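Numbered according to my numbering, the sequence shown spans residues 13 to 351. Read through the structure below, which is laid out as structure tokens, and then see the notes.
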Amino acid sequence: MMARYTHFPALLSDADAEGIIRLCERFGSYGMYGQKPIEEDLGHGLYQRHDAAMNYIRTGGRFGRHESFEQLSVRTNYFRETYAYDKPVVDGIAGFLWHQGFLEAARAVFDRPVIAPAIVYANMLVPGQELAVHTDVPEFRGANRTKDPEWLLVVMHHSQLFDRWRMPIATGVAWFRGCRGGDFAFYPDGADGQPATVPAAHNTAVLLDTDSVFHGVDRVAETAEPLPPLQIGMRLTYAGDDSWRVGFGDETVVRYRWDDIRFSVSWKAYCYADEAERRMVEEHTDDLTRPQIIATLLADIRKRGRLGDDVPNGTDLALLLIDEYIRFPASAAEGAAAG
Ligand SMILES: [Fe+2]
């Protein structure tokens with residue numbers, strides 16, 4: 013697989029880039045993004061992104077580090093808020109939402125002309141945080157994260173069995189202010205190819221199909237050892253004077269300098285072949301159903317010799333599907349072992 017991507021060495025004008033930083037401060041408070049265990053029978057007890065978490069624990073990530081699930085949670089539960097959802101939800105983001113360069117690059121990445129920007133959100137990683145290698149949660153007509161587990165949507169895309177229903181999404185990621193560490197690492201030539209890295213430099217961006225291209229964020233340079241006890245529900249709040257604090261409510265568990273934080277803004281847009289396809293989505297005239305999805309996957313793993321007469325329970329079935337369909341890039345340690 014050769015994936016196209018576009019790098020933007022200067023995404024916005026200096027003044028507009030400065031405007032995004034002021035918007036980030038003005039917005040002021042960012043909630044910690046964490047995952048809850050799945051409650052439905054299929055994949056019961058697993059995490060939404062069990063695929064990426066288990067791969068990280070098993071391989072130690074790109075650098076073969078070994079950490080517990082708890083440490084991994086602290087490292088990867090970063091802070092996130094939404095700046096636009098179909099339309100701006102904060103002042104000062106419209107120019108980013110409708111950025112001409114992003115729109116053009118999105119048309120090129122899938123060779124699809126009708127681009128509908130859907131969401132802009134801010135991601136803040138504090139020192140010591142990183143993002144395990146993963147592909148993003150894709151979407152299909154009739155299947156999306158509002159009603160289906162995220163790991164299942166990822167399995168569906170990697171299986172290539174549901175391509176007819178896939179809604180291609182282009183993702184742009186832009187960085188502002190810059191930070192130490194925190195490179196964007198990705199596999200533009202596929203999971204078997206070499207990784208490439210892009211530094212999270214001020215006012216630069218990349219745009220690519222992050223639902224297909226494995227990617228992650230290398231660790232943001234640490235300022236304290238061990239990591240502070242970050243917990244889900246804490247917020248990262250701008251405290252003025254180039255400093256941020258983390259804690260529940262008014263408490264401060266840890267403070268950071270602006271320069272130590274990695275601030276990125278993500279942009280996602282649906283890419284349609286034509287208006288007819290867009291209407292098909294809106295009018296739900298060709299939607300997948302859950303029974304159809306499961307029947308298709310079961311038939312395929314049976315054909316691949318991975319399933320006998322008995323279908324395993326919901327948790328084991330999920331683990332089997334993840335194992336069968338999602339082929340992660342080898343970590344540096346595994347690559348070395350394999351020669
Ligand atoms: Fe991602």
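Positions of the beta carbon are idealized from the N, C-alpha and C atoms, including for glycine. Note that this is a predicted model, so its numbers are computed, not measured.
Beta-ladder partner(s) of R269, from DSSP: The beta-bridge partner set that DSSP reports for R269 consists of S255.
Cβ neighbour criterion (16 or more within 10 Å) applied to A311: Per the 10 Å Cβ criterion, exposed.
Best match in K99, W256, P49 and Y199 for proximity to A342 [C-alpha to C-alpha]: Nearest option by C-alpha distance: Y199.
Anticipated Cβ contact below 8 Å, W279 with G184, distance rounded: With 8 Å as the limit, W279 and G184 qualify as a contact, their Cβ atoms being about 4 Å apart.
Extent of the continuous beta strand (DSSP E) run through P129: In the DSSP assignment, P129 falls within the beta strand (DSSP E) that extends over V126 to L137.
Span separating the alpha-carbon of L242 from that of D26: Here the C-alpha atom of L242 lies approximately 34 Å from the C-alpha atom of D26.
Proximity test, D148 beta-carbon vs ligand 1 heavy atom, cut-off 8 Å: Because some heavy atom of ligand 1 lies under 8 Å away, the Cβ of D148 counts as near it: yes.
Closer than 8 Å: H227 CB and nearest ligand 1 heavy atom: At least one heavy atom of ligand 1 is nearer than 8 Å to the Cβ of H227, so yes.
As assigned by DSSP and simplified to three states, the class of K280: Strand.
Residues near Y268 by beta carbon distance below 6 Å, same chain, minus five either side: Result list for Y268: V138 and W256, in chain order.
Every unbroken beta strand (DSSP E) within the stretch 283-314, with a cutoff of 3 residues, ordered by chain: Taking only runs of at least 3 residues, no beta strand (DSSP E) segment lies wholly in the stretch 283-314.
Check: L143 C-beta below 8 Å from any heavy atom of ligand 1: Look at L143: its beta carbon is less than 8 Å from one of the heavy atoms in ligand 1.
Heavy atom of ligand 3 within 8 Å of T94 beta-carbon: As for ligand 3, it is missing from this structure, which binds only ligand 1.
Where L23 falls: helix, strand or coil (DSSP): DSSP places L23 in coil when its eight states are reduced to three.
Outcome for G351 when other beta-carbon atoms lying within 10 angstroms are tallied against a minimum of 16: Unreliable placement is indicated for G351, whose pLDDT of 41 sits below 50; no coordinate value is reported for it.
Any alpha helix (DSSP H) of 4 or more consecutive residues that is wholly inside the stretch 28-80: If we require 4 residues or more, the alpha helix (DSSP H) runs fully inside the stretch 28-80 come out as 62-71.
Whole-Å CB distance - L143 paired with G228, under 8 Å assumed: So it is a contact: roughly 5 Å between Cβ atoms.
Three-state secondary structure (DSSP) of L6: The chain is shown only over 13 to 351; residue 6 falls outside these bounds and no answer can be derived.
Buried/exposed call for V132, threshold 16 Cβ in 10 Å: Result: buried.
Inter-stretch contact at 8 Å, needing at least 3 Cβ pairs: the stretch 20-36 / the stretch 98-107: Yes, the stretch 20-36 is in contact with the stretch 98-107.
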